[in-house]
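I have placed the structure first, in the form of structure tokens, so that the comments after it can refer back to it.
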Amino acid sequence: MSNPRAPLRRIVVAGDGQLGSLAALAIKQALPFAEVIIIGTPVDNGALADRSPTALPFTNRFHDRLGLQEELLLLRAGGCHRLVLRYIGWGGHDGSGAVQHGAMPYGLSNDASLKTRFAQEWGGGSRSGTEGQSGSQFAGSVAEILAGRGQFAILPSETPTPLSDVDYALRWNPAAYRDLIIERAAAAGVRHIAGEISDTVPDGQGGLSALTIAGAGTIEADFFVDCTGPSAALLSRTAPVKRDDWQEYLPIRQLAFAQPVKPVLSLEDRVSLPQHGWLNELAGRDALQLMLALPDGVSDGQIMDMLGQPPAESISLNPGAVCEPWTGNVAALGDAAAQFEPLGFLNLDLAHRQLELLLEMLPGQVVDPRERDEYNRRAGLMAAGVRDVLGLHYAAPAAAERFGPLKQSAHLKRVLDQSSRRGRIPFSEELPLANQELSALLAALGMGSGLTPLALAEGNDAAEKSRAAFEAKAQAALSAAPPYGEWLGRFLQSNQPG
């Protein structure tokens, strides 16, 4: 019978942005008897996971696991909901010159309507003409209909409601969200030390034994988590870091951020193709945020024309991922492990999935190499999955013309082939989106899908039944959902302190 391993006594998390703060809180909850210290290193504006004001539905469930109730994010972090992400122009134009657009919903409930003959002939998430049509005859999902009408609510009910199957993502104010997590972490017993890492002490086994903080001295630890952004301040001081370069796969080299403008409360965000690159429009209770993602060769004047103002901030981007994000006793999360453009809001989603994996595989004082190898295997699949989902965007008709030929992995080639010919998505581990969501994304990008054998076998009667069932489901959801702004206002008002 094997003896139990000695547990970790002290863990240091470097970086106190929204990712590092959540990592410290999560590790403290997982190891309540261990000492957890978070180091407030200087902010890195290139850390896209830390500055992201949104994630994907996975984060909602991860928050629940950590005791971060959704109502807290609504009340204290400027939280609001997104039902769909609308892609405008990625499929090009139709025969009349109208711009294609489509909306990608979240979750699994849209699967049936995307794989039937009914979806091909009547719905399915991609169309031309007026953006944001809210009538069900134009929509590929109930979520899109609700978003188009501006209707949604979280209904308190122990039994299913017409809105129960509608999945969603949350937006928030990153500074307020981070402050909330720091407060929770402090209450859980996490120590917070501010200062720059001036030196590290190697442990002779490829990891670290201690680090030195300017003005705070030397701190020893059994395990280190690097959330410092692209500089990877801890991981870069271990063994030489090998990196998988994604420049042949992804075209974006610069991000230009506009000064935020007046708040916009919307259930959809948008990604369009202006003259160069792509433009992201993120709604929110505190501001509407515009961001341009650009390849090389775009002038300052062209950027200003597309944003309508000089950029408030620009950062360069070197896409790629670390091959072994857990080296020795140092694990890198977020931008310390992978950097890529924020297309589809995958940056913080990947970081949170990396953190969940790390919690699953936290070692004892002595790291078992098999744990580290398995973590690196799965984290590598996660990163490759993100790269492929981004690559799928650039395979859309207008994007392929805009950005030119890009390298594609064998898996992405299979996805595009199988989807176009057979209407199916090949299985792959650790993708950021479920197969049903990938089908919805392909449709939203204007990439036609083949019919599955089941859909081919459908007759007209089956298509009509699908149409009627979808109409009924959509109408029930609209009847159950109040105007979103009214519901959110009532919720905030009724939950004011005092």
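Residue numbers are given in our numbering: position 390 of the sequence shown equals residue 390, and the series is strictly consecutive. Beta carbons: idealized from backbone N, C-alpha and C, even for Gly. What you are looking at is a predicted structure, and each value in this text was computed from that prediction instead of being measured.
Figure out for me which residue from H411, Q289, D461 has the closest Cα to the Cα of Q259. Position 259 of the sequence shown, counted from the first residue, corresponds to residue 259. Q259 has its Cα closest to that of Q289, out of H411, Q289, D461.
Supposed close pair K28, A221 - CB separation, criterion 8 Å: Numbered from its first residue, the sequence shown carries residue 28 at position 28. Numbered from its first residue, the sequence shown carries residue 221 at position 221. Actually they are not in contact, since the Cβ atoms of K28 and A221 sit about 14 Å apart, beyond 8 Å.
Thinking just about the alpha-carbon of each residue, which of L390, L294, I197 is nearest to the one in N347? One-based indexing of the sequence shown puts residue 347 at position 347. It is L390 whose Cα lies nearest to the Cα of N347.
Would you identify the three-state DSSP class for E35, choosing helix, strand or coil? Residue mapping note: residue 35 aligns to position 35 of the sequence shown, counting from 1. Residue state, collapsed to three classes: strand.
When the Cα of P240 is compared with those of E324, T59, A14, which residue comes out closest? For the purposes of this step, residue 240 is identified with residue 240 of the sequence shown, where counting begins at 1. The shortest Cα separation from P240 among E324, T59, A14 belongs to E324.
Relative to the C-alpha of L333, which candidate in P482, F58, L357 has its C-alpha closest? Start at 1 with the first residue of the sequence shown, and residue 333 comes out as number 333. Among P482, F58, L357, the Cα nearest to that of L333 is on L357.
If we ignore side chains and look at the alpha-carbon of each, how far apart do R370 and N376 end up? Translated into the one-based positions of the sequence shown, residue 370 becomes position 370. Translated into the one-based positions of the sequence shown, residue 376 becomes position 376. Between R370 and N376, the C-alpha separation is close to 10 Å.
Quick check for students: name the residue ranges of the alpha helix (DSSP H) that lie wholly in the segment 346-417, counting only runs of 4 or more. 347-360, 369-394, 397-403
Bridge partners of H81, per DSSP? Taking the first residue of the sequence shown as 1, we reach residue 81 at position 81. Looking at the DSSP assignment, H81 forms a beta bridge with L170.
Name the two residues that bound the continuous alpha helix (DSSP H) containing S494. Against the sequence shown, residue 494 aligns to sequence position 494. It spans 484-494 - the alpha helix (DSSP H) in which S494 sits, taken as one unbroken run.
Okay, do the segment 273-280 and the segment 295-315 touch, 3+ Cβ pairs below 8 Å being the bar? yes
In three-state DSSP terms, what is N60? Position 60 of the sequence shown, counting from 1, holds the residue named residue 60. Looking at N60 - three-state DSSP - the assignment turns out to be helix.
Nearest by alpha-carbon distance to A400: which of G446, F470, S420, D94 is it? In the sequence shown, the residue the question calls residue 400 occupies position 400. The residue with the shortest Cα to Cα distance from A400 is G446.
Supposed contact pair P311 and F257 - C-beta distance, whole angstroms, cut 8 Å: Here residue 257 refers to the residue found at position 257 when the sequence shown is read from its first residue. Here residue 311 refers to the residue found at position 311 when the sequence shown is read from its first residue. Confirmed, about 6 Å.
I need the boundaries of the beta strand (DSSP E) containing G140, first residue and last residue. For the purposes of this step, residue 140 is taken as the residue at position 140 of the sequence shown. Here G140 belongs to no beta strand (DSSP E), and DSSP marks it neither H nor E.
Could you say if the segment 247-255 and the segment 33-42 meet the contact criterion of at least three C-beta pairs nearer than 8 Å? no
Determine the burial state of D226: buried for a count of at least 16 other Cβ atoms within 10 Å of its Cβ, exposed for fewer. Position 226 of the sequence shown, counted from the first residue, corresponds to residue 226. Buried, since its Cβ has 16 or more Cβ neighbours within 10 Å.
Among A216, Q205, G206, whose alpha-carbon lies nearest the alpha-carbon of A194? Translated into positions along the sequence shown, residue 194 becomes position 194. Answer by Cα proximity: A216.
What's the C-alpha gap between L234 and A14? Within the sequence shown, residue 234 is the residue found at index 234, counting from 1. Within the sequence shown, residue 14 is the residue found at index 14, counting from 1. Those two C-alpha atoms are separated by around 8 Å.
Would you kindly report the start and end of the unbroken beta strand (DSSP E) that includes N329? Here residue 329 is taken as the residue at index 329 of the sequence shown, counted from 1. Here N329 belongs to no beta strand (DSSP E), and DSSP marks it neither H nor E.
What are the uninterrupted segments assigned as alpha helix (DSSP H) that are 4 or more residues long and contained completely in the segment 255-328, given in chain order? 300-307
Are there 16 or more other CB atoms within 10 angstroms of the CB of F33, so buried, or fewer, so exposed? Residue numbering aside, residue 33 sits at position 33 when the sequence shown is read from its first letter. Looking at its Cβ environment, which holds fewer than 16 other Cβ atoms inside 10 Å, F33 is exposed.
Looking at R82: is its Cβ nearer than 8 Å to the Cβ of Y177? Walking along the sequence shown from the start, residue 82 turns up at place 82. Walking along the sequence shown from the start, residue 177 turns up at place 177. Contact: no.
Straight-line Cα distance separating R10 from D373: The residue labelled residue 373 in the question sits at position 373 within the sequence shown. The residue labelled residue 10 in the question sits at position 10 within the sequence shown. Going from the Cα of D373 to the Cα of R10 covers about 22 Å.
At the level of alpha carbons, what is the spacing between L73 and L267? Here residue 73 is taken as the residue at index 73 of the sequence shown, counted from 1. Here residue 267 is taken as the residue at index 267 of the sequence shown, counted from 1. Approximately 16 Å between the Cα atoms of the pair.
Sub-8 Å separation of Y484 and F152 beta-carbons: Numbered from its first residue, the sequence shown carries residue 484 at position 484. Numbered from its first residue, the sequence shown carries residue 152 at position 152. Contact flag set, yes.
Going by C-alpha to C-alpha distance, which of A23, V386, L31 sits closest to G344? Counting from 1 along the sequence shown, the entry for residue 344 is found at position 344. Of A23, V386, L31, the residue nearest in Cα terms is V386.
Secondary structure at E131, three-state DSSP: helix, strand or coil? For the purposes of this step, residue 131 is identified with residue 131 of the sequence shown, where counting begins at 1. Per-residue confidence for E131 stands at a pLDDT of 48, beneath the threshold of 50, marking its modelled position as unreliable; the derived number appears in the next sentence. Coil, per DSSP.
Measure the alpha-carbon distance for A214 versus S198 and round it to whole angstroms. The residue you call residue 214 lines up with position 214 of the sequence shown. The residue you call residue 198 lines up with position 198 of the sequence shown. Each residue's alpha carbon lies about 6 Å from the other.
So, at 7 Å on beta carbons, what are the nonlocal neighbours of R270 in its own chain, with the 5 sequence-adjacent residues on each side left out? Taking the sequence shown and counting its residues from 1, one reaches residue 270 at position 270. Result list for R270: R86, I88, E281, in chain order.
Would you kindly check if the distance between the Cβ of T228 and the Cβ of L211 is under 8 Å? Numbered from 1 along the sequence shown, position 211 holds the residue referred to as residue 211. Numbered from 1 along the sequence shown, position 228 holds the residue referred to as residue 228. For L211 and T228, no; Cβs fall outside 8 Å.
To the nearest angstrom, how far is it from the Cα of P7 to the Cα of Q365? Start at 1 with the first residue of the sequence shown, and residue 7 comes out as number 7. Start at 1 with the first residue of the sequence shown, and residue 365 comes out as number 365. The straight-line gap from Cα to Cα measures roughly 6 Å.
At the level of alpha carbons, what is the spacing between V261 and A477? Working through the sequence shown from its first residue, we reach residue 261 at position 261. Working through the sequence shown from its first residue, we reach residue 477 at position 477. One C-alpha to the other measures close to 32 Å.
Euclidean distance between Cα positions of E464 and M104: For this step, residue 464 is matched to residue 464 along the sequence shown. For this step, residue 104 is matched to residue 104 along the sequence shown. Whole-angstrom Cα-Cα distance: 24 Å.
Alpha carbon of I154 to alpha carbon of A481, nearest angstrom: To locate residue 154, count along the sequence shown from 1; it is residue 154. To locate residue 481, count along the sequence shown from 1; it is residue 481. The straight-line gap from Cα to Cα measures roughly 9 Å.
Rounded C-alpha distance that separates A396 from A474: By 1-based counting over the sequence shown, the position of residue 396 is 396. By 1-based counting over the sequence shown, the position of residue 474 is 474. Rounded to whole angstroms, A396 to A474 spans 29 Å at the Cα level.
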